[in-house]
Amino acid sequence: MKTVTLHNRRSVPALGIGTWKMGEDGRRRSGEVAALRRAIDLGMTLIDTAEMYGEGAAEELVGEAIRGRREEVFLVSKVYPHNAGRHSAIEACERSLRRLGVGQIDLYLLHWRGSIPLEETFEAFSRLVADGKIGAYGVSNLDTSDMEEAWGIAAGRGTAVNQILYNLGRRAVELDLLPWCRAHQVPVMAYSPVEQGRLLRNRKLKEIAQGRGATPAQIAIAWLLAQQDVIAIPKAGDVKHVEENRHAGEIALSDAEMAALDEAFPRPRERRPLEML
Ligand SMILES: NC(=O)c1ccc[n+]([C@@H]2O[C@H](COP(=O)([O-])OP(=O)(O)OC[C@H]3O[C@@H](n4cnc5c(N)ncnc54)[C@H](OP(=O)(O)O)[C@@H]3O)[C@@H](O)[C@H]2O)c1
């Protein structure tokens, strides 16, 4: 499994698993727990969740899936912007720790930017690190100007990662945010790598996948893994999807395939504000 080194020098698998919409439907619960456990078995040990997902239900599900296996996983969770204050972030983190059933979250992110000043959030994050409640912190959905603002704050320069919407159909970030992150050694965690399933219906992607006997999801994920310092976190509540996605980690796209993907999914010519889902 390819690894990526975070800004705090910790190395993590480049392919993990997301959990948005998990834990919300009792009928899917056992399948989702099985999917997360299979992901861990296969080395996709980075699990991304958030207090927002199912208002805590996804964190509880993750807690159940990792019981007895805490040391194998790298846990990422996120705080709501309205809970990201000097004191409220500490309390939110403690609630997440309880739901997850762990003593420490490996990486704690600001989910998106709200009205609470970044200074306050970074102050709370630094305290959580000092108290051992989180191993590292980062941000999500922060555009280039927000990252520059974060870099103006001493604790902001400890940002380990920026989790953003990035996939074959969302390449505008390659114009400025991605180069900015690379220049500052801040890896990007690409969310919605298959655009919540919509990308998989793309005719050109299907053709490129067929050309090498892979699935569209595998090609979309392999393309992300081919990018420098990018971590992909496809969500899969189905064991078969987990296994399929894991194989994407073994696919080395040829120059011709990369060129075909560039042609089918061209990088926009002009910068746009960072998109989010
Ligand atoms: N920071 C943020 O603001 C933010 C925003 C969005 C997402 N995220 C994180 O990123 C994770 C991934 O993004 P996402 O959940 O939005 O979308 P996604 O990973 O692009 O797509 C998930 C959907 O694709 C399906 N899928 C996965 N692998 C597949 C395969 N091999 N073949 C066919 N279908 C497949 C899943 O189905 P099954 O579940 O049935 O397997 C699910 O319906 C989230 O779960 C969350 O952890 C973060």
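By the count of the working numbering, the sequence shown reaches residue 314 at its end, each step adding exactly one.
All residues carry an ideal CB built from backbone N, CA and C; glycine is no exception.
By the beta-carbon neighbour count (other beta carbons within 10 angstroms, threshold 16), L98 is buried. Around the beta-carbon of R207, 16 or more other beta-carbon atoms lie within 10 Å, marking it buried. Restricting attention to E244, W188, D266 and D143, the CA atom closest to the CA of G169 is found in D143. Counting the other CB atoms within 10 Å of its CB gives P216 a total below 16, which places it among the exposed residues. For S177, the uninterrupted beta strand (DSSP E) run begins and ends at I171 to S177, by DSSP. Fewer than three pairs of CB atoms, one per stretch, sit closer than 8 Å, so the region 173-189 makes no contact with the region 269-284. Rounded to the nearest angstrom, the gap between the Cα atoms of G60 and R107 is 19 Å. Apart from the 5 residues on each side of it in sequence, M89 sits with its Cβ closer than 8 Å to the Cβ of K115, Y117 and H148 in its chain, given in chain order. Distances from the CB of L314 to the heavy atoms of ligand 1 include at least one below 7 Å.
The residues T40, V41 and T42, in chain order, have a CB closer than 8 Å to that of S48 in the same chain once the five nearest residues on each side in sequence are set aside. Secondary-structure assignment with DSSP links A269 through a beta bridge to L52 and A227. When the five nearest sequence neighbours on each side are left out, the beta carbons in the same chain lying within less than 7 Å of the beta carbon of L202 are those of Y228, S229, E312, M313 and L314, in order along the chain. When C-alpha distances from G91 are compared across A209, L52, N120 and R136, the shortest belongs to R136.
DSSP places L147 in the uninterrupted beta strand (DSSP E) bounded by I142 to L147. Here the alpha carbons of Y174 and G189 stand approximately 16 Å from one another.
Apart from the 5 residues on each side of it in sequence, V113 sits with its Cβ closer than 6 Å to the Cβ of D85 and L144 in its chain, given in chain order.
With distances taken between CA atoms, A94 lies nearest to L134 out of G105, L134 and R74. A distance of 8 Å or more separates the beta carbons of I270 and I256. In the structure shown, the three-state DSSP call for L134 is helix. A straight-line Cα-Cα distance of about 26 Å links I103 and G234. Annotation for I256: the continuous alpha helix (DSSP H) segment containing it runs P253 to L262. When DSSP assignments are scanned along the region 70-143, the uninterrupted stretches of alpha helix (DSSP H) that are 4 or more residues long and fall wholly within it turn out to be 94-102 and 125-137.
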